[in-house]
Amino acid sequence: MIPSLKEQEWGLPSVRGRYTENAPLGEVGWFRCGGTAEVLFKPADPDDLAAFLAACPKHIPVTTLGVLSNTIVRDGGVRGVVIRLGKEFAGIEILPDGFVRAGAVALDGNVAQAAARAGIAGLEFFSGIPGTIGGALRMNAGCYGSETKDVLVEATAIDRMGGTHKLSPLEMGMSYRHSTTPEDYVFTAALFQGQPGQEEEIKAFMAGIKEKRGASQPIREKTGGSTFANPAAAELEKAGLPAETKVWQLIDRAGCRGLTIGGAMMSELHANFMINTGTATATELEALGEEVRRRVLDDSGISLRWEIKRIGEPLSK
Ligand SMILES: Cc1cc2nc3c(=O)[nH]c(=O)nc-3n(C[C@H](O)[C@H](O)[C@H](O)COP(=O)(O)OP(=O)(O)OC[C@H]3O[C@@H](n4cnc5c(N)ncnc54)[C@H](O)[C@@H]3O)c2cc1C
Numbered sequence: 056m057i058p059s060l061k062e063q064e065w066g067l068p069s070v071r072g073r074y075t076e077n078a079p080l081g082e083v084g085w086f087r088c089g090g091t092a093e094v095l096f097k098p099a100d101p102d103d104l105a106a107f108l109a110a111c112p113k114h115i116p117v118t119t120l121g122v123l124s125n126t127i128v129r130d131g132g133v134r135g136v137v138i139r140l141g142k143e144f145a146g147i148e149i150l151p152d153g154f155v156r157a158g159a160v161a162l163d164g165n166v167a168q169a170a171a172r173a174g175i176a177g178l179e180f181f182s183g184i185p186g187t188i189g190g191a192l193r194m195n196a197g198c199y200g201s202e203t204k205d206v207l208v209e210a211t212a213i214d215r216m217g218g219t220h221k222l223s224p225l226e227m228g229m230s231y232r233h234s235t236t237p238e239d240y241v242f243t244a245a246l247f248q249g250q251p252g253q254e255e256e257i258k259a260f261m262a263g264i265k266e267k268r269g270a271s272q273p274i275r276e277k278t279g280g281s282t283f284a285n286p287a288a289a290e291l292e293k294a295g296l297p298a299e300t301k302v303w304q305l306i307d308r309a310g311c312r313g314l315t316i317g318g319a320m321m322s323e324l325h326a327n328f329m330i331n332t333g334t335a336t337a338t339e340l341e342a343l344g345e346e347v348r349r350r351v352l353d354d355s356g357i358s359l360r361w362e363i364k365r366i367g368e369p370l371s372k
């Protein structure tokens, strides 16, 4: 195969997978807007990925993404190489004793369904999260009282030198929607463990999650899930607010439900969900989020932490 321009210019290693220059990125994500990837890399398999990471010049930034259900790609696009894993990393394997192995690009919902069919309980919450296992490991994704770290036995990740690591939830420093795993580690797989359960009961529980989500979240919109994380109890108490106050209540109090900048809007259905009503740019989405942060700080003294990741460069003027 003829090396691409960037492959030559940047000294990227030859791979069995595929490089694409100027690849659509933001527009294939949940928000359906935002810039491109300077170079997109789809590795052929874990060995190809490890060889790429070992040989890719270290000054070239490398970013890994799942299905972008928690990410805004700024309009100027992402510099360097963006890794998106393909179907080679999407396998789901049911093992004895309630173990489930999943590739990093397996959808959380498919993992929940496979566990349910095998009579494994405990992974139902994954059915409520529209991302990949890689995203769940990075974000410690969770809902309705359960989170990824509760069922995770170990994750497999490859570092920037091409070395493979097996990491326990403790080693990954998993806390509320956060992990301290080094930013440049690429997750390739995870091993989970649930407990024995009845398929019908598990499926009924998952149906309940689906119903609740449908009623309370704009799941059919172009959105990115919760925009901001719930503040810690200590922070709320310091500001004279009840410890159990949720972020959507702070956004409501500050009058931001339905707030709009261009095509970006804080959802009327769930005040902490930001949506692209059709014409939003990533710049408008980010500006809206910053405006909400400013108004909430003014109103309640709480500085909101973005849960949605914002990556890439602003559009140059
Ligand atoms: C309608 C809707 C509802 C949602 N509800 C919930 C919810 O209830 N609970 C919840 O926790 N989240 C929720 N989310 C947010 C989102 O689905 C989760 O955060 C999910 O885990 C993100 O996965 P992703 O594949 O989309 O990750 P992306 O958005 O693509 O990436 C998110 C982060 O993970 C990193 N990442 C992704 N894959 C890898 C990998 N293989 N290796 C290393 N890093 C990686 C990225 O670098 C980035 O930092 C919701 C989103 C939407 C749109």
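Under my numbering, the first residue of the sequence shown is numbered 56, with each subsequent residue one higher. We treat Cβ as the ideally placed atom computed from N, Cα and C, and that holds for glycine. Since the structure is predicted, the reported quantities are computational estimates derived from the model, not experimental observations.
Item: Minimum C-alpha distance to K204 - residue among N195, A288 and S182; Value: N195
Item: Alpha helix (DSSP H) segments (min. 4 residues) lying fully within the region 160-203; Value: 163-172 and 188-194
Item: Touch test, the region 175-182 against the region 114-125, Cβ-Cβ under 8 Å, three pairs minimum; Value: no
Item: Cβ separation of F86 and L340, assumed to be a contact under 8 Å, to the nearest whole Å; Value: 6 Å
Item: Cβ neighbours of R215 in the same chain (closer than 6 Å, five flanking residues each side left out); Value: L108 and D239
Item: Simplified DSSP assignment, three categories, for P79; Value: strand
Item: Proximity winner among K61, I213 and V128, relative to T336 (alpha-carbon distances); Value: V128
Item: P151 versus P101 - alpha carbon distance; Value: 24 Å
Item: Environment of Q168 [buried if 16+ CB atoms lie within 10 Å]; Value: buried
Item: Per DSSP, the bridge partner or partners of K97; Value: R73
Item: Cβ-heavy atom distance, N77 to ligand 1, below 8 Å; Value: no
Item: heavy atom of ligand 1 below 8 Å from D163 C-beta; Value: yes
Item: Helix, strand or coil at L222 [DSSP, three-state]; Value: strand
Item: Pair within 9 Å by beta-carbon distance, P162 and A245; Value: Per the sequence shown, residue 162 should be read as Leu rather than Pro. No, they are not a contact pair.
Item: Sequence-distant residues of its chain with Cβ nearer than 7 Å to E368 (five each side left out); Value: R129, G131, G132 and R134
Item: DSSP beta-bridge partners of H233; Value: S230
Item: E246, enclosing beta strand (DSSP E) - first and last residue; Value: Inspection of the sequence shows that residue 246 is occupied by Leu rather than by Glu. Its beta strand (DSSP E) spans residues V241 to Q248.
Item: Nonlocal neighbours in the same chain, by C-beta distance under 8 Å from I274, ignoring five residues either side; Value: P185 and R268
Item: Host alpha helix (DSSP H) of M376 (start-end); Value: Absent from the structure is residue 376, since the part of the chain shown begins at 56 and ends at 372.
Item: Among E143, V94, E266 and E256, the one whose alpha carbon lies nearest that of A173; Value: E256
Item: Cβ-heavy atom distance, A99 to ligand 1, below 8 Å; Value: no
Item: Pick from L222, A145, K277 and E209 that is closest to G318, judged by C-alpha positions; Value: K277
Item: CB contact flag (A99, T75, <9 Å); Value: no
Item: L140 beta carbon near ligand 1 (any heavy atom closer than 8 Å); Value: yes
Item: Q272, buried or exposed, once every other Cβ within 10 Å from all chains shown has been counted against 16; Value: buried
Item: For L207, the residue or residues it bridges with in DSSP; Value: F247
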